[in-house]
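Right, one structure below, let's go through it.
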Amino acid sequence: MPKKFVGENSKAAAAKARKSAVKDQQDTKRQQQIEDELWKEDDKHILKKQQKKDEQARKKQELLDKKAQSKALLEEELIKEPVTHIEKPLEENINRIQVEGDEARSVEEAIAVLSVKDPDVDRHPEKRLKAAYTAFEEVNMPRIKSENPTLRLSQLKQILRKDWMKSPENPLNHRFSS
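Just so you know, we're using the working numbering here: the sequence shown kicks off at 2 and counts up by one.
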C-alpha cells in the first residue's frame, strides 16, 4: 500500500493562494469604488465652482505658455539680429552747422562775438535804498494795517521790514537776482 500523504498538495495550495489574491484585489477595488462614490460631489454649485477653478488654472497655464513662447521668440530674434559696431547713434557734426548771426574767422573776432555786453551793473544800490523803502512803506502799510488791526505801529513796521527784505522792489535784492 502506498504511503499516506501527510502534508498539503503544493499545486492546490498555490492555486488557492492565487484565487485568494485575486479575490482580495477585487474586494479592495470594490471598497475603493464604494468610498469614491461616497466622496463624490453631486451638488451643482460645487461642481460649477470646481469647473470654474479648473478653467482658471487652465487659462493661467495657457498664459504662462504664451509668455514663455513669446520670450523664446524674442530671444531667437535677438540672436538673429546682426551685431553692428555702432552702439550709440551718430551725432550731428557741429563743424558743418550753419550759424545764424555773427561769424568769426579769427580768435579776436571770436572773443568779440562771444563777449556779452552786460548793462552797467548798479555799483551802489544803497543810494536809492531810502527812497525805495519809503515808496514801499506807503504802498504796503495800509495793507498790513488792515490785516493786523490790533498791532502797534512798531510791530507793524517790523512786519513791513520783513516783507521789505524779501521784496523784489528792494535794490539790494536786485544784485542777487541777476
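By construction, the Cβ of each residue, glycine as well, lies at the ideal position given by its N, Cα and C atoms. As the structure is a computational prediction, the values presented were derived from the model and not from experiment.
| Query | Result |
| --- | --- |
| Tell me the residue span of the alpha helix (DSSP H) that contains Leu130. | 130-148 |
| Can you tell me where the alpha helix (DSSP H) holding Lys30 begins and where it ends? | 11-40 |
| Who are the near neighbours of Ala111 in its chain, counting only those whose CB is closer than 7 Å to its CB and skipping five residues on each side? | Ala105 |
| So, Glu170 versus Phe137, is the Cβ gap smaller than 7 Å? | yes |
| Starting from the C-beta of Pro126, find all residues in its chain whose C-beta is less than 6 Å away, skip the five residues before and the five after it, and write them out in chain order. | Pro172, Leu173 |
| Using only the alpha-carbon positions, how far apart do Val23 and Ser71 sit? | 53 Å |
| Just mark Trp40 as buried or exposed, buried being the case when its beta carbon has 16 or more other beta carbons within 10 Å. | exposed |
| Please determine, among Ala133, Asp164, Asn10, the residue with the shortest C-alpha to C-alpha distance to His144. | Strictly speaking, residue 144 in this sequence is Arg, with His absent from that position. Ranking Ala133, Asp164, Asn10 by Cα distance to Arg144 puts Asp164 first. |
| Which stretch, first to last residue, makes up the alpha helix (DSSP H) that contains Lys4? | Where Lys4 is concerned, there is no enclosing alpha helix (DSSP H), given that its DSSP letter is neither H nor E. |
| So Lys1 is in the alpha helix (DSSP H); what residue range does that whole segment cover? | The question about residue 1 has no answer, for the chain in this structure spans 2 to 179. |
| Please list, in chain order, all residues of the same chain as Leu48 whose beta carbon is under 8 Å from its beta carbon, the five residues on each side excluded. | Glu42 |
| Tell me whether Lys158 sits in a helix, a strand or coil according to DSSP, three-state version. | helix |
| Could you spell out the range, first to last residue, of the alpha helix (DSSP H) harbouring Glu110? | 108-115 |
| For a test of the three-state rule: what should DSSP assign to His125, helix, strand or coil? | coil |
| Which residues in the same chain have their Cβ closer than 7 Å to the Cβ of Lys146, if we skip the five residues on either side of it in sequence? | Leu157 |
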